[in-house]
Structure formats: C-alpha cells, structure tokens
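K.L.:
Can you keep this structure in mind? I'll have questions shortly.
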Amino acid sequence: MLLDAQKISLIYDFWKLNNEEKYLRDVTELSRKLTESDSNDAVAIQSWIPDLLKLVELWERQSLNDLDIFYTNLLKDKSFSDKVDGLLRFLYDIQSYELVKYLLEKNVQYYKQEKLVSSTMNAFHESCVYGFSQVCLLYIRNRQDINETFSLVYENFKTNKKEIIRNLTALQLVCVWSKYFPKRLPSYAHTVRILLNNGARVNMTSTELTTPLHWTCRAKHTTQLAQDLIEHGACVNACDKFNIQPIHYACWTRNQTIVELLLCKGAQVTVQDDFGRTPLHFLCMPPCTEAMTNEDKQQQYELMNYILNNCQKYKQSIDLTKQDKLGHTLLTYTCISQNLALMKLLLEKQPDLINKSTIIGRTPLMVSIDVCFLNGIEYLLKQPNLERNACDSNGNTAVHYACMCSNISKRYNLLQLLINDKNGMFDFEKRNEQLIDPFMLCTIYQSIDLCRLLIEKNVSITKKDMYSRQPIHVACQMGNYELLSLLIKTSNIDINAVDVNNRNCLFYAISSGDEKIVNLLIENNVNIKIRDIVGDTLLHLAVQHPTNAYELTKCLLTKQDGKDLINESAADGMQPLLLAASCKQPMVVYHLLKNGADIKAVDNEDHTALHLACKSDCMECVFYLIEFGGLNVNELDCYEQTPLFYAFVSNNFDLAQYLMVCGAKINIRSSQNYLPIHIGILLSKNDEDFNLNLIDLYQDEDENILDDQDNDSYISPLLLACMRGQYEVVKHLILNYKVNIMSKCSNGHTALHYACLLKPPNSFKIIEFLEEHGCTYENVDEPKGSFLYSIIQYGDRQTIMYFIDNWLKTSSDINELHFDSTLLDLLYKRAQQQHHDLDTDYLYQLFDKGARLHSTNLSSSPCTLINDCPLFYLSLIEYNCTPIIADKNSFILNLLNTISLYPHPILLLNKKNQEHITVCGYFLTIFQFAHYYFDIEQFYSTINQQYIPQLDAEQSSEEVELLRQQIRKLQTTPLKLSDIARKTIRMKLDIPTKSNFEQLDLHEHLIEFLSQCRFQRI
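Just so you know, the sequence shown maps onto residues 219 to 1236 in this note's numbering.
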C-alpha cells in the first residue's frame, strides 16, 4: 500500500488546513515521516476519504478496469467535481505521480466524450491545468510535443453561449489557471519554468490572439510568471483580438512590478485598444468582478503617481485628457472607482478634466453622483471651474442624477450636498428633454425624502412634463398615499389642475384603483363633475376598473356630484350601467340600480345592459338586471337580436336556460333571419367546444328547426359546425336530430366542403364521420369535378392531398378536367394564391404519374406572378416538362428576365425549413438548372449582358457580385463527361423522373446517377 487509511487521513487534514507558502515542502516532509512511523494519531476520516482509499487500493492491485469505472462515475457526478480536483491535488502532493498521470488521462477521455475539447488534447495539457510540474516532466521525458495545440469549448458567462477557443498550448493553460489558484502559485511557477526550459513557444497565441503574458499580467500574484516569460523573450507589445496589450492588464491589476518591467522593455502607456482605452484608463477602472478595496485604491494612486513621475524616464508623453471611444476620461473611470486620492492627483495635474464629458454628455460630477461617490462630490464642489448645470444628451443635470439615485441610504445626503453647496448655484427646476424637472423625477421614483428636501428648498411643484402632468397627477397615478398627502399640504398646489386630456388628479387616482387616495382627494374638495377630452366622466372610469370597481364607485356616489353622473353618457353613448354590465361588475350594477341608474339605457347599437351582460357572460349581472331592474328579456338591438343570442355566443347553457325561464323566445330571428343557435355556433370561442345542451334547448320546438336554412346564406347549423370544426356538434346534430347531411349553402357547398377548410386533426375527424354517414366525395361532386375544383384552391393542404390521393385511386385519367382545369392547373392556381404550400415531393409524384396542364399550356412568360409560386416554376424546370411548357428555352429566359427586374430582395417559399430565398439565390438556382440540364442558344451572353445589369440595378451590389462570381465559375468550368451524359439523356425524355428512367431498362446505378441533382436543390 502507498499509505494506510490513518496516514492518508492525517496528511489530508494537514493538506486541507495549511495555508503557508512552504506548504509543498512541509507536506512532503510530513508524508515521509508518516510513512516511516507507526503513528495512530489520525483524525476522523472525511466523508470522501473512502473514495480516495478505494482509488489507491484499485491502483495498488492494478485493477484498472474497476478503477476506470469507479473514477468515471466520480467525474460524471457534477456535485463531486470540486472533490475530484481536491483528490487529484492530494494524490499529487503525496507524490503519487503515476496514479495522477493515469487519472488525468481519464479526465481527458471524459472531456472528449462530452465534446468539450478537441481530439488533440491529452493528459499533458491537463497536468498543466493543475500545475502538476512533475507529471509534466513525465510526459516531456516521453517526448511529448510541448507546443501541441488543442481546442476548448466553454460557456461565455456574458452571452450564455458556448464558444470555442482554438490553438491553446500547455504554457497558455498554466498561465490561465495560475490566475485562479494563488495558493498553488509555486507549483504553477515551477511548471512554467519546466515548459520554458524545454522549448515552449512563449508568444504562441490562441484564437483570441491572447499570449501567455496577457494572462500572467491579469493577476497580482503572478508577477514571477510574467518575469520568467519576459526573460524568455515574451513580446511585451503583443495585442489580443481587441488590441489589448499586457501593460493594459498589468495596470488593471495595479501590479507596479510588472508595469515597471514592461516599461523597461518598451511597452507604451499611451497605446490604445479597439475601444480607445489606454493602459492608464485600465489603471483607473475598478476591478471587473471584485469589490474595490482601500488597498486597491492605494495601489491605483501609487501606480499612477509612479507613471506620471517617471514618464520622462521612459521617454513617453502622456495626455491626461485622452478619451476612449465612449468619451470616458481617466477622471471618469476614477469616479467610477470612487478613488478620492487619485481624483485629486489627476485634477492637480490636469484641471481641465473636471468638466470633460462622455459622448452621452455625462460629466465627472454626474458619474460621481450616479455611483454615490460622496467624498468625490464634496471635492468636486470645491473646485472653482466646476460646471454645475451642464446637461447630458437627454437634458439631465447633476440634480436630475441625484434625484434618480437608487441608493436609498445615501440619496438624501447626496441631494443635501447639492442643496447646501456654498460655492455655486444649482438649478433645481431645470427640465430635461422630456420636460421632467427634478421634483417630478423624485415623484416618479417615489422618493418622498427627496421631495421633502426640495419642498423645503421652495422649488416649484406644479411644472408639467411632456404629457402635461403635474407631480400631483403622477403621485395619484403611482398610488402613493404618503406622497399625495405631502403635496396636498403644500400651499401652492392646485388640486384641480388638469392635463392636456382635461383629466384632474382624481382621474389618475381612480386609474390606480386605490380608494384611500380617492377618498383623500374627495375630502379635499376635488372637482368630481368633470369630463375628459373624449367625454368620459369619473364614474365611467370607476365602474370598469378591473380590480376595485365597486369600492371606487361607492366613493364617488357618497357625494351628490358623483350621483349626478350616474346617467351621464359618454361620447360613444355608454352610460355607467352599460359599462359595468359589459365589464362583468355585478356589485357595481346592483349599486348603480339602487342609486337610480336608468335601466332602459342603450348604447349606439341599441344594446341594453342585459345584452351586454349576456355578451360578457356574467350571470350575476343578468340576475340583478332582470330581478331588480325589470329589463325585458326579449328587447331587440339594432341587429334585431335579443339577449338570448349573446348567451348562445357566450356558450353558457345556464344563462340561456335562465333567460328562457324568464320568458326569452328561442325561435326568434335576427335581421338576417338567423336563430340563436346559428349565431352561437358561428361566433362562440374557437378554443372551446360548443355546449351541446344549448342545442337540446330546441328539442321541444319544430322538428325541422335544426335544419333551418331560412337565412340569407342558406346555411344550416350543421354547415356552421363543420365550418368551425365543432366535431361534437356535428355528431350530435346528425345522430340525435337526423339533420340533412347533404344540405347546401347559397354557394352550393356541403358540410364536406366546409370540413376541408379546417386544419387537422379536426378536419379528418369530421370528414371521416361525414363519409360514414353518406356525405362522400362522390355524392357531393355535382356538377362533376366541382368538388376538387373548390377544395384544391381553398382547402387545407393535408386535406386536399388526402382527396387527391383518393381520387387518383378511382380515376383512370389523371388529367381529367374539373371545370376546364386539370389537377395540375388547380395546383398552379393554388400555388399562386398560397405561395405553393404543397410539398414539392408530392408535386414530383404527380409529374411522375403524368400530370399535365390543360391544352392552353403554361405561358412562356410567367413574369407577373413570380413571387406567388417560385417553387412551382422550379419544379417545372427541374422535370424538363416539355408537354407542359410549350417553349422551355423561352420560359427559362423570361423567368430569369422577370427575376432580374424584381424590385424586392427576397422571394417567399413558405417551406417548413426555409421561409424565403434571396432573388440572387433563386436566379442562381435557375441558372444551374439551365447550365446542367438544357442547351439554350446565346444563354451566357444574354445573362451577362442583359440580366446581370438589371439585377445590379435592383439588388444589393454584394449579392450581385457574389452571383456574378458563381456564374463565372460555372461558365469557365467544363462539364464532366458524366454531366454531359446526364444532360443528353434527360433531354431525350419528356419527364426525366426515376420511374421513366427505369422504363429504359437501365442498370440501377445508372438510374440513380441520372436521378441525382447536380447541385443543392432549394
């Protein structure tokens, strides 16, 4: 055994707890002593020590298969990943190098299975990740290529997308991972020296162009690694993909030792990255992920001071006013870092920085306020040249920024600093581009403490924003009782001020839904008898509030002015009672009726409150209107429909039954002679099944009433049910009421016609049921051919394919006419109307079976409707349809001419996997067909001299240039003998399909060859 359980446990405990730099030496010495002694002073074995012991045991027994299985299971356990890392480091520390080497190889195998790394990664690279220098030596002695590269897949935490880094080497890995494990730096440093001494390429870059030196400059503790790299020839001015150099990162980590070394080697502190940032900008920036500490701030100051005092020594001229591409200066970043000493240093060296703004107009004062840098603000306020009322690009001043502060604990002191400023004057009433002044901003952010401060400052609290709202309007809109109370107590507030829509603050309070605020305003004598610009009163607004209509209505009706509004009509004729019924507010309806609402009120379409209550499907409202209001249940609206019609539309059996109990007539007809059952099926919601009990309400009426077609469209309930896809209604009507299954509407369409318009699966369920009960294709096809003629053009795709297939099984002639149109004619018309939504494979099958257009043939000039059916045209060309296209060559040339003149950049395809294609892409596809399958005279000259210039005038120059290159390549590449053979044979056939090739008695391989497309089809 390597070590017994007690010794391993003791070493583990020391390894876990030791934090000293001499850790490696000490743990090695302890291991030696424990191995030589018989000590039994082991501490309790930790929870994962048994796994460690098992690994060691399996290794000692050389049970490698069992070891592989056991260790792989540990790797797959995501919750065990940190322990696996600790286990490997522990085994390495007790010098079990061969075992560690073996396990690292298993790590890499697992990574490759998970496709996290490329096939060129090996355990040598993994040993560098851990900084296992002795394991690295084992591989180097075995002639490992020290500069072998591999790729790594990782998840970008900023974009949450998986990305790939290529060209990684062992040296880069050591430098990357050393950044994250400062306690193991001696091990990583030793590994770096081994790699450098054995020929590692010090300036090797990854796909991000990052060198090892970039990584070692990104941490404070990796100074020794950076020095080793520079001593071995690392390029100090190397740029990554953003043109960031090592000195940028060294300044960001405030590592003065590395900065001095880089400057001595020729690095420049004035060099800019792609974002215009110099190393000095990086120096002033806060850390990316960690919080800014006082130690960081001191190091920032000291490093900046060193650079500024020694710039002459390094022969560098520094411009402290330099801005990056966002307009950030050194002072801007210093404000973000909240470093007062650095701020003082920069302003002493360059006072002009104090008012230097970013590209969006933010000054250092605004930035300091934004990050609540109180000490910095105090210092800036003491500077003589500070511009206090400068505006950013949105018109916000420093005071606006103070009012927008989200730090509740600091915002009061922050604004007070500005108010108490004795060195200058801030404008506390200045408005930004949205016409929002600081007090309005505090109101919007509901910062009551800041509002009090500004009121004490005697700022105006009645200024309007761009929507003509005053702060009191906004406070009511926000539903902030405390803020509203504060405003009402001020002497210069106008509680009845109105906005541009003639709405006072009570309108906003009712919209917010808070009855406490409404009562507060009413107690303070707000005007209740007021209309807004569209004619709505406050009561109109209150009765339709979605959550608190009853309480708001009660508040208004406590005052006589509110009661006076009860029968007022809005501009659209709606009275409060009508609105309450429409919005399903039964308690409001009851309260309005008790207070004298006009029960006979109607809207502009003569709907009573009962009509609207039935339409909104509110039984309680209906009950109150009938029982307490005494409304007539057979009242007619302008469409001569009673409330019962709307109960059917609401699909509410209980509501309809209640209306009938109250005297509603079920056989009444609308102005177009429809019964309630017609309207109910037609207008009920699509996402729910129609209630069959509503149909049964007609069981005591005339036995033929459910076959009723006595309306303008001659449409029966069965036809409507098929149109709406109501399968259960169709079954119920046919099975229980024996309705006429062959009834036709005024257009001659039967239930089967309407069922074909639906999407599956409802369409097939209804079609199958109709056919089982006698409504078949043969029975409804009168006159002959009319059924397919209708459904192919307008029916659902899958449904028409189903009927075409059924028709083909019984028809001997695929080109039989249907109203002077063949099957292919109908599909062509459908393609024009619906952008060819049939599968091209299905169309090819019809071509194969001999489908043709009618004797008129397809026009050789398809120009005008090219975007309607681009796939249909391609299908005709691909299948060389000579009997279909009278003049193939003219057809192709006219098609190309049409495309070259097309004014839009894309053509619609409406395929599942491809919605559209560019015009140039479509042009190229047709060109390829012509190039490989046809011989057209003067084809290339016509293309180059006429069509390409036309395309150039309509399409983007980049796409046309790419098309021109693709055509030139095809034109200059001679056809292979196989291509010529395919072209010659295909041109001899009318329809070059696979079945036609088979009839030539050719070998199966030749058939397959002739059937292949020479290029990628659309």
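No residue lacks a Cβ here, since even glycine has one placed at the ideal position from N, Cα and C. This one's a predicted model, so the numbers in the text were calculated from it and none came from an experiment.
Should Ser168 go down as buried or exposed, given a rule of 16 or more other Cβ atoms within 10 Å for buried?
P.N.:
The displayed coordinates of the chain run from 219 to 1236. Any statement about residue 168 would go beyond what the structure contains.
K.L.:
Quick one: grab the DSSP three-state call for Glu381.
P.N.:
Along the sequence shown, one-based indexing puts residue 381 at 163. Note: Glu381 maps to strand in three-state DSSP.
K.L.:
Counting Cβ pairs, one atom from each stretch, are 3 or more of them under 8 Å apart for the segment 670 to 678 and the segment 630 to 641?
P.N.:
Yes: the two stretches touch, three or more of their Cβ pairs being nearer than 8 Å.
K.L.:
Under a three-way DSSP split, which group does Ser369 fall into?
P.N.:
In the sequence shown, residue 369 corresponds to position 151, counting from 1. The answer is strand: DSSP assigns Ser369 an E or B state.
K.L.:
What is the rounded straight-line gap between the Cα of Leu811 and the Cα of Val851?
P.N.:
As a position in the sequence shown, residue 811 is number 593, starting the count at 1. As a position in the sequence shown, residue 851 is number 633, starting the count at 1. Straight-line Cα distance between these residues: approximately 17 Å.
K.L.:
Apart from the five residues just before and just after Arg693, which ones in its own chain have a Cβ nearer than 7 Å to its Cβ?
P.N.:
As a working mapping, residue 693 is identified with position 475 in the sequence shown. Looking at the sequence shown, residue 693 is not Arg but Ala. Thr661, Leu701, Leu702, Leu705, listed in sequence order.
K.L.:
Roughly how many angstroms separate the alpha carbons of Glu254 and Val318, rounded to a whole number?
P.N.:
For the purposes of this step, residue 254 is taken as residue 36 along the sequence shown, with counting starting at 1. For the purposes of this step, residue 318 is taken as residue 100 along the sequence shown, with counting starting at 1. With a pLDDT of 45 at Glu254, under the threshold of 50, the predicted position of this residue should be treated as unreliable, though the coordinate-derived value follows. C-alpha separation (whole angstroms): 23 Å.
K.L.:
Figure out for me which residue from Leu1041, Tyr995, Pro1088 has the closest Cα to the Cα of Ala1069.
P.N.:
Against the sequence shown, residue 1069 aligns to sequence position 851. For Ala1069, the nearest C-alpha among the options comes from Leu1041.
K.L.:
Using a Cβ-Cβ cut-off of 6 Å (strictly less than) and excluding sequence neighbours within five positions of Tyr808, which residues of its own chain qualify?
P.N.:
The residue given as residue 808 occupies position 590 in the sequence shown. Same-chain partners within the cutoff: Tyr842.
K.L.:
When the Cβ atoms of the segment 929 to 942 are set against those of the segment 898 to 905, are three or more pairs found closer than 8 Å?
P.N.:
Contact holds: three or more Cβ-Cβ distances are below 8 Å.
K.L.:
Which value, in whole angstroms, describes the spacing of the CA atoms of Leu558 and Leu756?
P.N.:
In the sequence shown, residue 558 corresponds to position 340, counting from 1. In the sequence shown, residue 756 corresponds to position 538, counting from 1. So the two alpha carbons sit approximately 55 Å from each other.
K.L.:
Within its chain, find whatever has a CB closer than 6 Å to the CB of Tyr532; leave out the 5 residues flanking it on each side and keep chain order.
P.N.:
Here the question's residue 532 lines up with position 314 in the sequence shown. These residues qualify, in order along the chain: Leu481.
K.L.:
Which residues mark the beginning and the end of the beta strand (DSSP E) in which His1134 is found?
P.N.:
Stepping through the sequence shown from its first residue, residue 1134 is reached at position 916. Its beta strand (DSSP E) spans residues 1134 to 1136.
K.L.:
Identify which residue in Ser834, Gly847, Lys833, Cys836 has its Cα closest to the Cα of Asp814.
P.N.:
As a first step, residue 814 is located in the sequence shown; it is residue number 596 there, counting from the start. Note that residue 814 is Gly in the sequence shown here, rather than Asp. The residue with the shortest Cα to Cα distance from Gly814 is Gly847.
K.L.:
For Val274 and Leu431, I'd like the C-alpha separation in whole angstroms.
P.N.:
By one-based count along the sequence shown, residue 274 stands at place 56. By one-based count along the sequence shown, residue 431 stands at place 213. Computed Cα separation, rounded: 38 Å.
K.L.:
Looking at Cys621 and Pro656, is the spacing between their C-beta atoms short of 8 Å?
P.N.:
The residue given as residue 656 occupies position 438 in the sequence shown. The residue given as residue 621 occupies position 403 in the sequence shown. Closer than 8 Å, so yes.
K.L.:
Just to confirm the assignment, what range does the alpha helix (DSSP H) spanning Ile1124 have?
P.N.:
Locating residue 1124 in the sequence shown gives position 906, counting from the first residue. Note, Ile1124: premise wrong, no alpha helix (DSSP H); beta strand (DSSP E) at 1124 to 1126.
K.L.:
Per the DSSP calculation, Arg749 is bridged to which residue(s)?
P.N.:
If you number the sequence shown from 1, residue 749 lands on position 531. Beta-bridge pairing links Arg749 to Thr755.
K.L.:
According to DSSP, simplified to helix, strand and coil, what is Val347?
P.N.:
Against the sequence shown, residue 347 aligns to sequence position 129. Val347 falls in the helix class under three-state DSSP.
K.L.:
What is the C-beta distance between Ile572 and Leu604, in whole angstroms, given that I count them as a contact (C-beta under 8 Å)?
P.N.:
Within the sequence shown, residue 572 is the residue found at index 354, counting from 1. Within the sequence shown, residue 604 is the residue found at index 386, counting from 1. 6 Å between Cβ atoms; contact.
K.L.:
Run through DSSP, which three-state label would Val585 get?
P.N.:
Here residue 585 corresponds to residue number 367 of the sequence shown, with the count starting at 1. In the structure shown, Val585 sits in a helix (DSSP, three-state: H, G or I).
K.L.:
Fully enclosed by the segment 816 to 896, which alpha helix (DSSP H) runs are 4 residues long or longer?
P.N.:
Those alpha helix (DSSP H) runs which fall completely within the segment 816 to 896 and span 4+ residues are 827 to 833, 837 to 845, 861 to 867, 871 to 879.
K.L.:
Under 8 Å, Cβ to Cβ, is there at least one residue of chain D near Leu285?
P.N.:
The structure shown contains no chain D; it holds only a single protein chain.
K.L.:
Looking at Cys773 and Glu741, is the spacing between their C-beta atoms short of 8 Å?
P.N.:
In the sequence shown, counting from the first residue as 1, residue 741 sits at position 523. In the sequence shown, counting from the first residue as 1, residue 773 sits at position 555. No, they are not a contact pair.
K.L.:
How would you write the range of the alpha helix (DSSP H) that Gln205 sits in, first residue to last?
P.N.:
No statement about residue 205 is possible, as the shown extent of the chain runs from 219 to 1236 and does not include it.
K.L.:
Are Ile364 and Asn325 touching if we call contact CB-CB under 8 Å?
P.N.:
For the purposes of this step, residue 364 is taken as the residue at position 146 of the sequence shown. For the purposes of this step, residue 325 is taken as the residue at position 107 of the sequence shown. No, these two residues do not count as a Cβ contact at 8 Å.
K.L.:
Identify the residues that DSSP records as bridge partners of Leu386: which are they?
P.N.:
Along the sequence shown, one-based indexing puts residue 386 at 168. Looking at the DSSP assignment, Leu386 forms a beta bridge with Phe368.
K.L.:
Starting from Leu988, trace the alpha helix (DSSP H) in both directions and tell me its first and last residue.
P.N.:
The count along the sequence shown starts at 1 and reaches residue 988 at position 770. Where Leu988 is concerned, the enclosing alpha helix (DSSP H) stretches over 980 to 990.
K.L.:
Applying the 10 Å Cβ sphere with the 16-neighbour rule, what's the burial state of Lys903?
P.N.:
Here residue 903 corresponds to residue number 685 of the sequence shown, with the count starting at 1. So Lys903 counts as exposed.
K.L.:
Look up Cys353 in the DSSP assignment and give the residues it is bridged to.
P.N.:
Translated into positions along the sequence shown, residue 353 becomes position 135. One point to set straight first is that residue 353 is Val, not Cys, in the sequence displayed. According to DSSP, which records beta bridges pairwise, Val353 is partnered with nothing at all.
K.L.:
Is the Cβ-Cβ distance between Ala1276 and Thr680 less than 8 Å?
P.N.:
With the chain represented from 219 up to 1236, any question about residue 1276 goes unanswered, as that position is not in the structure.
K.L.:
Please confirm whether Met643 and Gly594 have their CB atoms less than 8 Å apart.
P.N.:
On the sequence shown, residue 643 is found 425 positions in, with the first residue counted as 1. On the sequence shown, residue 594 is found 376 positions in, with the first residue counted as 1. For Met643 and Gly594, no; Cβs fall outside 8 Å.
K.L.:
Going by C-alpha to C-alpha distance, which of Ala485, Met522, Thr429, Asp492 sits closest to Leu498?
P.N.:
Taking the first residue of the sequence shown as 1, we reach residue 498 at position 280. Selected option, being the one with the closest Cα: Met522.
K.L.:
Are Ala616 and Ile587 close, meaning C-beta to C-beta below 8 Å?
P.N.:
What you label residue 616 is simply residue 398 of the sequence shown in a count that begins at 1. What you label residue 587 is simply residue 369 of the sequence shown in a count that begins at 1. Going by C-beta atoms, Ala616 is nearer than 8 Å to Ile587.
K.L.:
Count the C-beta pairs between the segment 450 to 457 and the segment 397 to 405 that are closer than 8 Å, then say yes if the count reaches three, no if not.
P.N.:
The segment 450 to 457 vs the segment 397 to 405: no contact.
K.L.:
Less than 8 Å between the beta carbons of Cys435 and Ala444, yes or no?
P.N.:
Within the sequence shown, residue 435 is the residue found at index 217, counting from 1. Within the sequence shown, residue 444 is the residue found at index 226, counting from 1. Cβ atoms of Cys435 and Ala444: closer than 8 Å.
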